[in-house]
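Asker:
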Amino acid sequence: MGEPLLRVEGLRTIFQTSKQVVTAVSGISYSVDAGETVGIVGESGSGKSVSMLAVMRLVPSPAGRITEGRIWFQGRNLLDLNPAEMRAVRGKDIAMIFQDPMTSLNPVLSIGKHLVEPLKLHLGLTTTQAKTRAVELLQMVGIPDAANRLNDYPHQFSGGMRQRVMIALGLSCNPKLLIADEPTTALDVTIQAQIIDLVKRLRREFGMSVIWITHDLGIVAGLVDRVIVMYASHVVETASVDDLYEDPRHPYTLGLLSAIPRLDAAERTRLTPIPGKPPDLSNPPKGCPFAPRCGFSTADCLSEKPTLREVAPGHFSMCHLELSKQAFISLREVRVNA
Amino acid sequence: MSAYLARRLFYSIAVVVGVSVAVFLITHQLGDPVRMLLPLEASEEQYQAARQQLGFNDPILVQFARFSVDAVRGDFGDSLWMDAPALPLVLERLPATFLLAGTSIIIALVLAVPLGIIAALKPRSLLDHVASLTALLGLSIADFWLGLMLIFIFPVSLGLFYTSGYGTWEHLVLPAVTLAARPLGRISQIVRSSVLDELDKNYVTAARARGLSEQATLLGHALRNAAIPIVTLTGFELTRLLAGFTVVVEAVFGWPGVGLLAVDAIERQDLPLLQADVFVVAMIVVVINLLIDLLYGALDPRIRY
Ligand SMILES: Nc1ncnc2c1ncn2[C@@H]1O[C@H](COP(=O)(O)OP(=O)(O)OP(=O)(O)O)[C@@H](O)[C@H]1O
Ligand SMILES: [Mg+2]
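Sequences listed follow chains A and B, in order. Under the working numbering, the first residue of the first sequence is numbered 1, with each subsequent residue one higher. Under the working numbering, the first residue of the second sequence is numbered 1001, with each subsequent residue one higher.
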């Protein structure tokens, strides 16, 4: 296996206000191979969006800052690029689509203006060429009557259609990596499924890698090859999607999985959300960030922070207890019976 | 767009009707114009005869209809002070008023927009503090005081421009600069805050994520949206300048605008002249507001429908 398309090493991102320093991303490492689709899951506030904005070097400044790490993309550390070089990567090599299609498009510019802009900027097309290409892109993402819609404004599209426009915008310059930050969260369930199918089809056509952020493990099961689980600014587990579902090694992942409704379950068990709240990121605990909520934590867990370790081939977990799912279940039974 | 236009036009007409009613009620009903027309020593019989002759004993609706028809024909009666039809006296002041208000608002805009943008691009920087202080100074300084200071500095001490008068651009400079101070301050504040607001929005992050430069993001995306509150305030400041709030400065610089005319009309109890002045100013305000509404329509596709 050659060099991955994207390799993030020890990335740390903080937000500094007059009162406190919030560590939004605590030295995380991960990689994404060419053609691979990776899901990033985790509760709200776990640092999913910030870690992706960091890859784009778009962390809101001056409060937010990348303080450590390297972001290798096609052999270059993105953190070493000058602003002009970085702009040439954004939208061209790495594209990003956002959670809220209602606010991600400029309300006073037509859809055509949106689409033409990056095509002229990155691919050097003329306005006429760019308009032709824009219509093709809209057709590709399934906008009916695309040719007549270039002059329409964002408010004339439904939420699902706007997200399709955002996808067309993201794919306009054939990026090698598409980062999708909860692109379906704001949409109806049926529209969600359509958007996911669309991305599945397009990533094959474009041969690109995809990073798909979500806080719903259930949605992405059929979409992603590998999953990165984030908790309180850390990557706590990463594995292929099958390994993760079948053999979760981190207690937090197990908790997330048991919060997914299972259609095939013999009896419809009640969802069991993980009790408690994530730690305060301006004052993180000394030990494992999950220990205060973990049903299995020991004295060690509270005093010493575990590192992300390979627990099986290609399967990493940040936990002192090298437990398997079976062990979790029997441990839980012991406690319940006690 | 045409439905939007029709709606705005309808509102404008409603405002004109409202203003007419107000002017009519104030001038015909609150005061007693007949007493003011007659010499003090006029007898009760003379007074009653005059009332009858001038139509003040007719039913109020008849009086209003007559007033409206006259107003539409541009007939507000003769000025008592100048003994000439009132409306032309007001209209002949308009070029001076437009010239002064227009120049002031252009000076204000040309300085305020860059000032506000610079402040917004580097919030809490030294440049931002300097710009904010300038804005605060501009909008809080008393205009007559600023006018007097400018007279003291330029014509009196340096021999530049004129202390008062009308006719050349050199007469225009000092009153225009004086009147520009307040809109300059207020507009640069709103430019700063609305640009800051826009730069914080998702579509700006999304535009940056497509590789647009900061300049393209600001000029091509954020500013178009920020323009809406800026246009609102600029329109408000412009109507203020046209509607005679400039009267103190007109007085300081002897500038023959409609504001000064209104004050003269009040001092001389010249009701027809005052009526005509109020009416013209109201029409200007209505027209400016209509133009602003059209500009909104051009700026924001969401309100075109
Ligand atoms: N602009 C900001 N200023 C200060 N702190 C911020 C800012 N943006 C994010 N943070 C902090 O960074 C942490 C991570 O936020 P992030 O948006 O990455 O979470 P997330 O995992 O994407 O959550 P969600 O699922 O809600 O989108 C949060 O605790 C948040 O408080
Ligand atoms: Mg997020």
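Beta carbons: idealized from backbone N, C-alpha and C, even for Gly. The structure presented is a predicted model; accordingly, all values stated were derived computationally and were not measured.
Rounded to whole angstroms, what is the Cα-Cα separation between D145/A and P1123/B?
Answerer: 44 Å
Asker: Apart from the five residues just before and just after L1261/B, which ones in its own chain have a Cβ nearer than 6 Å to its Cβ?
Answerer: Closer than 6 Å at the Cβ level, and outside the excluded window around L1261/B, lie R1093 and D1277.
Asker: Could you tell me whether any Cβ in chain A is nearer than 8 Å to the Cβ of P1229/B?
Answerer: no
Asker: Is it the case that the CB of K113/A approaches a heavy atom of ligand 2 more closely than 7 Å?
Answerer: Because no heavy atom of ligand 2 lies under 7 Å away, the Cβ of K113/A does not count as near it: no.
Asker: Between the region 1072-1082 of chain B and the region 1148-1159 of chain B, do at least 3 Cβ pairs fall closer than 8 Å?
Answerer: no
Asker: Using 8 Å as the limit for Cβ to Cβ distance, is M341/A near chain B?
Answerer: With chain A running from 1 to 338 in the structure shown, residue 341/A is simply not present.
Asker: Helix, strand or coil: how does DSSP classify N1289/B here?
Answerer: helix
Asker: Does T1205/B get closer than 8 Å to chain A when you measure Cβ to Cβ?
Answerer: yes
Asker: Enumerate in chain order the residues of its own chain whose CB-to-CB distance from L321/A is below 7 Å, with the five nearest sequence positions on each side excluded.
Answerer: F296
Asker: List, in order along the chain, the chain B residues whose C-beta lies closer than 9 Å to that of K230/A?
Answerer: Per the sequence shown, the amino acid found at residue 230/A is Met instead of Lys. What M230/A touches in chain B: nothing, since even the nearest Cβ is about 20 Å away.
Asker: Relative to the C-alpha of P1229/B, which residue among G1220/B, L1299/B and A1101/B is closest?
Answerer: L1299/B
Asker: Closer than 6 Å from C-beta to any heavy atom of ligand 1: which residues, in chain order?
Answerer: F15/A, V22/A, A24/A, G42/A, S44/A, G45/A, S46/A, G47/A, K48/A, S49/A, V50/A, P60/A, A63/A, G64/A, H215/A and L281/A
Asker: What's the C-alpha gap between I1292/B and G1235/B?
Answerer: About 7 Å.
Asker: Quick check on the DSSP output: what are the complete alpha helix (DSSP H) runs of length 4 or more inside the region 24-104 of chain A, in order along the chain?
Answerer: 48-55 and 83-89
Asker: Considering M339/A, what are the terminal residues of the beta strand (DSSP E) in which it resides?
Answerer: With chain A represented from 1 up to 338, any question about residue 339/A goes unanswered, as that position is not in the structure.
Asker: Excluding sequence positions up to five away, which residues of its chain have a Cβ less than 8 Å from the Cβ of V108/A?
Answerer: Y153
Asker: If you draw a straight line from the alpha carbon of S51/A to that of L256/A, how long is it in whole angstroms?
Answerer: 20 Å
Asker: Could you tell me which of L58/A, L11/A, G35/A and E310/A sits nearest to W72/A, measuring between CA atoms?
Answerer: The residue with the shortest Cα to Cα distance from W72/A is L11/A.
Asker: Any heavy atom of ligand 2 inside 7 Å of the beta-carbon of D181/A?
Answerer: yes
Asker: Keeping to the same chain, check which residues put their C-beta closer than 6 Å to that of L187/A; ignore five residues upstream and five downstream.
Answerer: G159 and G160
Asker: Say whether the region 117-124 of chain A touches the region 182-198 of chain A, bearing in mind that this needs 3 or more beta-carbon pairs closer than 8 Å, one atom from each stretch.
Answerer: In short, these stretches do not touch, since the Cβ pair count stays below three.
Asker: In this structure, what does DSSP give as the bridge partners for P1085/B?
Answerer: D1078/B.
Asker: Spell out the partners DSSP gives I179/A in its beta bridges.
Answerer: Looking at the DSSP assignment, I179/A forms a beta bridge with M96/A and I211/A.
Asker: Cβ atoms of M56/A and A1209/B: under 8 Å apart, would you say?
Answerer: yes
Asker: So that I know if they touch, is there some Cβ in chain B lying closer than 8 Å to that of E267/A?
Answerer: In this predicted model, E267/A has a pLDDT of only 47, less than 50, meaning its place in the structure is not dependable; the value taken from the coordinates is given anyway. Between E267/A and chain B, the shortest Cβ-Cβ separation is not below 8 Å.
Asker: Closer than 8 Å by beta-carbon distance: list the chain C residues that pair up with Y153/A, in chain order.
Answerer: Among the protein chains in the structure shown, which are A and B, there is no chain C.
Asker: How would you call M166/A, buried or exposed, if buried means at least 16 neighbouring beta carbons within 10 angstroms?
Answerer: buried
Asker: Could you run through the region 99-121 of chain A and flag, in chain order, every residue whose CB is less than 9 Å away from some CB of chain B?
Answerer: Q99, D100, M102, T103, S104, L105, N106, P107, V108, L109, S110, K113, H114, E117, P118 and L121
Asker: I believe V41/A touches H215/A by the beta-carbon criterion, under 8 Å. Please report the beta-carbon distance rounded to the nearest angstrom.
Answerer: 6 Å
Asker: Expressed to the nearest angstrom, what Euclidean distance is found between the alpha-carbon atoms of I28/A and E9/A?
Answerer: 7 Å
Asker: Who pairs with R7/A in a beta bridge, going by DSSP?
Answerer: S31/A and W72/A
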